[in-house]
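Residue numbers (the working numbering): -15 to 129. Below is one structure; the comments refer to it alone.
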């Protein structure tokens, strides 16, 4: 589920910012071209509820690497657009959009990177497997009288 959320975030960012901004989901060792985004999930958690229901907490961190010399100013403008485009995302397999909550960002002045955080928390129902299935029972029934 985490990968599908990250892909949905990538689609939303691409729709808002276009092809000019590269979007990465895996770490880049060398050759990072700015401006670009790096998307990751921090500390995902599942809490079991009744039956097969689980509440999944997915905090997504999107790092933005600015290109201009006015990095803080550029990051503030990008963050304003991110608030809009990440409020609702379409996750594959879901019939309705998923709402982003707890959105905030910070700017790391020493390395010039913006970290944008958004949660996509949701209930999931696990599919029941055949491991606990019962066998067929047959019998004869007769009625009195």
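Here a beta-carbon is modelled for each residue, glycine too, at the ideal position from N, C-alpha and C. Remember, it's a predicted structure, so these values are computed and weren't measured experimentally.
Discussion item. Measuring straight from C-alpha to C-alpha, what distance separates residue 33 and residue 26?
Written reply: 22 Å
Fill in: Supposed contact pair residue 75 and residue 87 - C-beta distance, whole angstroms, cut 8 Å
At roughly 17 Å, the Cβ-Cβ gap does not stay under 8 Å, so residue 87 and residue 75 are not in contact.
Worksheet item: Can you tell me the Cα-Cα spacing of residue 105 and residue 29, whole angstroms?
Response: 10 Å
Worksheet entry | Euclidean distance between Cα positions of residue 90 and residue 79 | 32 Å
Worksheet item: Hey, would you say residue -2 sits closer than 9 Å to residue 7, going by beta carbons?
Response: Result yes, Cβ atoms of residue -2 and residue 7 sit closer than 9 Å.
Worksheet item: Whose CA, out of -13, 35, 109, 52, lies closest to the CA of residue 17?
Response: 52
Worksheet item: For residue 55, which option in 40, 93, 39 has the closest C-alpha, if you only look at C-alpha atoms?
Response: 93
Fill in: Continuous alpha helix (DSSP H) stretch holding residue -6: start and end
That run of the alpha helix (DSSP H) goes -14 to 1.
Worksheet item: Thinking C-beta only, is residue 62 closer than 9 Å to residue 22?
Response: no
Worksheet item: To the nearest angstrom, how far is it from the Cα of residue 42 to the Cα of residue -13?
Response: 11 Å
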